[in-house]
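Visitor: All letters in the sequence shown, in the order written, are residues 33 to 176 by the numbering used here.
Quick reminder that beta carbons are idealized off the backbone N, C-alpha and C, glycines included.
Model, not experiment: these values are computed from the prediction.
Handing you this structure, nothing more for now.
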Amino acid sequence: MATKSEGLPIGTLSRRTGVKVPTIRYYEQIGLMPSAPRTASNRRSYGAADVDRLAFIRHARALGFGIAEIGELLDLAGHPDSPCADADAIARRHLRAIEARISRLEALRTEVARMLEAGPHGCIGQCRVIEVLADHALCAADGH
């Protein structure tokens with residue numbers, strides 16, 4: 033872990049956290065990361081708190097949280113004595129969104145499997161996949 037006085041350049045921060053340099057710059061631009069202080073040669077300089085914050089962001093992104101949700105969670109993390117209910121609410125909302133995506137993906141899987149069960153018919157003119165994609169009325173999946 034870096035110390036605050038260590039002054040990590042952006043490339044080192046990137047290697048330590050697994051976050052690409054353009055992404056770090058983007059996170060600074062949108063306010064997820066604070067603007068880094070600059071060295072005399074105008075290079076960004078990062079410390080331990082930046083490494084920790086970026087690791088938090090990376091982990092949250094890996095779990096599928098959106099930028100706005102991560103911003104809310106970072107704000108909450110800045111108030112360690114506050115109740116956890118708000119963070120739990122964000123995570124519950126995110127879980128519901130994941131479950132809805134899973135449900136949509138299961139419906140898509142079923143529909144594509146149904147298309148394929150008709151089997152190949154030799155040529156494209158008799159292909160069930162092409163028929164279903166060309167005529168939405170043949171699709172059994174709702175909302176697609």
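Buried or exposed: where does VAL51 fall if 16 or more other Cβ atoms within 10 Å of its Cβ makes it buried?
Guide: Translated into the one-based positions of the sequence shown, residue 51 becomes position 19. With 16 or more other Cβ atoms within 10 Å, it is buried.
Visitor: Using 8 Å as the cut-off, can you tell me whether the segment 112-126 makes contact with the segment 136-145, which would need three or more C-beta pairs spanning the two stretches below that distance?
Guide: no
Visitor: If we call anything under 9 Å between Cβ atoms a contact, is ILE102 one with LEU64?
Guide: Working through the sequence shown from its first residue, we reach residue 102 at position 70. Working through the sequence shown from its first residue, we reach residue 64 at position 32. Cβ atoms of ILE102 and LEU64: closer than 9 Å.
Visitor: Could you give the distance in angstroms between the alpha-carbon of PRO69 and the alpha-carbon of ARG48?
Guide: Residue 69 sits at position 37 when you count from the first residue of the sequence shown. Residue 48 sits at position 16 when you count from the first residue of the sequence shown. Looking at the two C-alpha atoms, the distance is approximately 19 Å.
Visitor: By the three-class DSSP mapping on this structure, what secondary structure does LEU148 have?
Guide: Here residue 148 refers to the residue found at position 116 when the sequence shown is read from its first residue. LEU148: helix per DSSP, three-state reduction.
Visitor: In three-state DSSP terms, what is ARG178?
Guide: One cannot answer for residue 178 here, as it falls past the ends of the chain, which runs 33 to 176.
Visitor: For a test of the three-state rule: what should DSSP assign to LEU64, helix, strand or coil?
Guide: By one-based count along the sequence shown, residue 64 stands at place 32. Coil at LEU64, not helix or strand.
Visitor: What number of angstroms, rounded off, separates the C-alpha of ASP82 from the C-alpha of ALA129?
Guide: One-based indexing of the sequence shown puts residue 82 at position 50. One-based indexing of the sequence shown puts residue 129 at position 97. When rounded, the distance between both Cα atoms is 29 Å.
Visitor: How should ILE62 be labelled, buried or exposed, when 16 other C-beta atoms within 10 angstroms of its C-beta is the threshold for buried?
Guide: In the sequence shown, the residue the question calls residue 62 occupies position 30. ILE62 comes out exposed.
Visitor: If we ignore side chains and look at the alpha-carbon of each, how far apart do SER73 and LEU165 end up?
Guide: Working through the sequence shown from its first residue, we reach residue 73 at position 41. Working through the sequence shown from its first residue, we reach residue 165 at position 133. SER73 and LEU165: Cα-Cα distance of roughly 58 Å.
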